[in-house]
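Colleague:
In the UniProt record's numbering, the protein residues as written are 1 to 210.
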């Protein structure tokens with residue numbers, strides 16, 4: 001830091017003014033090998049012009065971009081629309097490129113070779129037969145399920161009618177009569193077993209000691 005109140009404050013400025021400064025020499029670097037001083041000056045002049053042109057073009061490009069943005073805003077175009085257009089253009093450029101065309105042709109040739117091979121034909125025939133068998137099996141299962149459902153519907157519809165018919169009622173009466181006779185005969189046989197003498201008394205017990 002420089003102290004302005006120091007008594008030696010003027011010595012630094014006086015010593016700096018005594019050093020000679022060559023502005024051209026400081027701005028200029030060493031001359032590359034194989035170039036003369038005149039050639040170097042010519043190249044530097046051309047470089048300055050090119051840099052100036054680049055700056056001008058950048059300004060023009062920035063102005064064009066602003067104008068383009070204003071036009072898009074007035075037309076209601078969003079950045080997404082611009083992205084879609086860029087992608088479409090890029091894809092079109094890819095499709096018309098030589099690499100894409102050659103690759104498409106090569107893939108087409110490979111596809112033709114594969115589809116014309118014996119292995120591909122046999123595999124296709126096997127898959128076709130398997131598909132036909134599967135379709136036939138599914139059709140049979142569906143028809144059987146349909147028959148079962150129609151039988152169930154017919155059976156559920158016919159049962160109430162059967163129960164209300166005179167034949168079914170007569171058969172039900174006969175079954176009830178037979179059932180009552182069987183139950184009565186069982187009761188009589190059970191009573192006979194409990195009272196072998198027919199008097200209903202219990203048989204005498206043998207209390208003799210062993």
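Built from N, CA and C at the ideal position, the CB exists for glycine as well.
Distance check for residue 41 and residue 73, CA to CA, integer angstroms please.
Modeller: When rounded, the distance between both Cα atoms is 48 angstroms.
Colleague: Which residue comes first and which comes last in the alpha helix (DSSP H) that contains residue 79?
Modeller: From DSSP, the alpha helix (DSSP H) with residue 79 extends over 79–95.
Colleague: How is residue 170 classed by DSSP in three states: helix, strand or coil?
Modeller: In this structure, residue 170 counts as helix in the three-state DSSP scheme.
Colleague: Under a three-way DSSP split, which group does residue 101 fall into?
Modeller: Helix.
Colleague: Return helix, strand or coil for residue 131, following the three-state DSSP convention.
Modeller: Three-state result, residue 131: helix.
Colleague: For residue 117, which of helix, strand or coil comes out of DSSP?
Modeller: DSSP places residue 117 in coil when its eight states are reduced to three.
Colleague: Quick one: grab the DSSP three-state call for residue 126.
Modeller: Note: residue 126 maps to helix in three-state DSSP.
Colleague: Helix, strand or coil: which one does DSSP assign to residue 34?
Modeller: In the structure shown, residue 34 sits in coil (DSSP, three-state: anything other than H, G, I, E or B).
Colleague: Taking buried to mean at least 16 other C-beta atoms within 10 Å of its own C-beta, is residue 84 buried or exposed?
Modeller: Looking at its Cβ environment, which holds fewer than 16 other Cβ atoms inside 10 Å, residue 84 is exposed.
Colleague: Taking the straight line between their C-alpha atoms, what separation do you get for residue 102 and residue 108?
Modeller: Cα to Cα, residue 102 sits roughly 10 angstroms from residue 108.
Colleague: By the three-class DSSP mapping on this structure, what secondary structure does residue 76 have?
Modeller: Note: residue 76 maps to coil in three-state DSSP.
Colleague: Quick check on DSSP: helix, strand or coil for residue 164?
Modeller: The answer is coil: DSSP assigns residue 164 none of H, G, I, E or B.
Colleague: What separation, rounded to the nearest whole angstrom, lies between the Cα atoms of residue 166 and residue 132?
Modeller: Computed Cα separation, rounded: 52 angstroms.
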